[in-house]
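Enquirer: Have a look at this one.
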Amino acid sequence: MLNNFQHIRNIFCVGRNYALHATELGNKIPTKPMIFSKPTHALFPSEGELVISAKKGNIHYEVELVVLIGETYEQGKPIEQIVKGIAMGIDLTAREIQSELKEKGHPWLLAKGFRGSAILSNFIPFSSLEDFNQLEFKLVRNGEMVQIGNPKNMIFPLQILIEYIGTNFGLGKGDIIYTGTPEGVGSIQNGDVLNMQLTNKNNGIDIEYGPLLVKIK
Numbered sequence: 001m002l003n004n005f006q007h008i009r010n011i012f013c014v015g016r017n018y019a020l021h022a023t024e025l026g027n028k029i030p031t032k033p034m035i036f037s038k039p040t041h042a043l044f045p046s047e048g049e050l051v052i053s054a055k056k057g058n059i060h061y062e063v064e065l066v067v068l069i070g071e072t073y074e075q076g077k078p079i080e081q082i083v084k085g086i087a088m089g090i091d092l093t094a095r096e097i098q099s100e101l102k103e104k105g106h107p108w109l110l111a112k113g114f115r116g117s118a119i120l121s122n123f124i125p126f127s128s129l130e131d132f133n134q135l136e137f138k139l140v141r142n143g144e145m146v147q148i149g150n151p152k153n154m155i156f157p158l159q160i161l162i163e164y165i166g167t168n169f170g171l172g173k174g175d176i177i178y179t180g181t182p183e184g185v186g187s188i189q190n191g192d193v194l195n196m197q198l199t200n201k202n203n204g205i206d207i208e209y210g211p212l213l214v215k216i217k
């Protein structure tokens with residue numbers, strides 16, 4: 001297990017990378033990756049107690065796979081040399097604030113970058129792109145599964161994301177990428193308990209992260 005929160009540098013996030021998630025929110029399916037960022041102050045561990053201000057309004061959960069960059073991106077370098085670890089994360093979104101920002105054509109930072117909006121588990125080693133694509137990840141809310149995803153359903157697979165972000169922004173050791181959420185996003189209520197599950201039947205990965213208690217005050 002790798003837990004290097006203190007060494008994380010840049011947090012890149014991918015919007016609308018699963019078709020059914022894009023359509024469930026009434027958005028068009030993108031033709032190229034939609035990249036936004038979060039500040040490192042947004043990071044919060046996947047277990048414990050998270051307090052969110054009620055002034056943020058309607059908060060949505062979005063479970064995602066997260067990759068940790070171990071080496072500087074260079075064109076043509078194998079992905080197994082660039083990516084060091086895999087984790088699970090939850091991109092918390094202040095949906096009403098985001099809608100207002102979108103209407104004005106403004107960046108999403110106020111809706112996506114508040115403290116605690118980047119839930120992140122411990123990392124496990126990244127073995128290969130093939131193993132990554134066999135992963136299944138789930139979000140469980142109060143004992144009920146609400147989201148389930150598989151990276152094979154990404155609109156832009158990991159290799160394309162690495163190349164796109166690396167070419168346009170640069171990628172270096174300590175950067176992380178939230179790779180997008182599948183369908184099933186919903187509102188968090190005060191007192192919700194969130195757990196995340198990561199499995200790969202081919203190589204025996206079976207991990208549960210959490211619990212995370214969310215309080216809205």
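So the sequence shown is residues 1 to 217, counted in full-length UniProt numbering. Quick reminder that beta carbons are idealized off the backbone N, C-alpha and C, glycines included. If you're wondering where the values come from, they're calculated on a predicted model, not measured in any experiment.
Would DSSP call F123 helix, strand or coil?
Expert: strand
Enquirer: Out of curiosity, what's the CA-to-CA distance linking I79 and K201?
Expert: 22 Å
Enquirer: Can you give me the Cβ contacts of D192 inside the same chain, cut-off strictly under 7 Å, excluding the 5 residues immediately before and after it?
Expert: Answer for D192: R141, N142 and V214, listed in chain order.
Enquirer: Are W108 and F169 closer than 8 Å when you measure CB to CB?
Expert: no
Enquirer: Taking 8 Å as the cut-off, decide whether the C-beta atoms of N153 and P182 are in contact.
Expert: yes
Enquirer: Would you decide whether F126 is buried or exposed? Buried here means 16 or more other CB atoms lie within 10 Å of its CB.
Expert: buried
Enquirer: Closest to Q81 by C-alpha separation, out of I90, L65 and E71, would be which residue?
Expert: Among I90, L65 and E71, the Cα nearest to that of Q81 is on E71.
Enquirer: Could you tell me the boundaries of the beta strand (DSSP E) in which I35 lies?
Expert: Where I35 is concerned, the enclosing beta strand (DSSP E) stretches over M34 to K38.
Enquirer: Compare the C-alpha of G76 against each of E163, G116 and R16 and name the closest.
Expert: E163
Enquirer: Could you compute how far the alpha carbon of Y18 sits from the alpha carbon of V67?
Expert: Rounded to whole angstroms, the separation of the alpha carbons of V67 and Y18 is 17 Å.
Enquirer: At a cut-off of 7 Å, would you count K56 as near the ligand GTP, judging by its Cβ distance to the nearest heavy atom?
Expert: The ligand GTP is absent from the structure shown, which contains no ligand whatsoever.
Enquirer: Considering only the alpha carbon of each residue, which of N150, L129, E130 and I216 lies closest to N138?
Expert: Rather than Asn, the amino acid found at residue 138 in this sequence is Lys. It is N150.
Enquirer: Should N27 go down as buried or exposed, given a rule of 16 or more other Cβ atoms within 10 Å for buried?
Expert: Exposed, since its Cβ has fewer than 16 Cβ neighbours within 10 Å.
Enquirer: Determine, using beta carbons only, whether E47 and Y178 come nearer to each other than 8 Å.
Expert: no
Enquirer: Determine the burial state of T93: buried for a count of at least 16 other Cβ atoms within 10 Å of its Cβ, exposed for fewer.
Expert: buried
Enquirer: With distances taken Cα to Cα, identify the nearest neighbour of N111 among L194, I52 and T199.
Expert: Note on identity: in this sequence residue 111 is Ala, with Asn being the wrong assignment. Closest option to A111, Cα to Cα, is I52.
Enquirer: K56 to K217, Cα distance in whole Å?
Expert: Rounded to the nearest angstrom, the two C-alpha atoms are 10 Å apart.
Enquirer: In its own chain, which residues sit with a C-beta less than 8 Å from the C-beta of I69, not counting the 5 before and 5 after it?
Expert: I82, V83, K84, L171, G172, K173, G174, D175, I176 and I177
Enquirer: Unbroken beta strand (DSSP E) runs of length 3 or more, entirely within the region 48-74: which are they?
Expert: 48-52, 59-61 and 63-69
Enquirer: Can you check DSSP and say which residues form a bridge with Q147?
Expert: According to DSSP, which records beta bridges pairwise, Q147 is partnered with L139.
Enquirer: Could you give the first and the last residue of the continuous alpha helix (DSSP H) run that contains G166?
Expert: DSSP places G166 in the uninterrupted alpha helix (DSSP H) bounded by L158 to N168.
Enquirer: What is the rounded straight-line gap between the Cα of L43 and the Cα of I119?
Expert: 6 Å
Enquirer: Helix, strand or coil: how does DSSP classify D131 here?
Expert: Correct three-state label for D131: helix.
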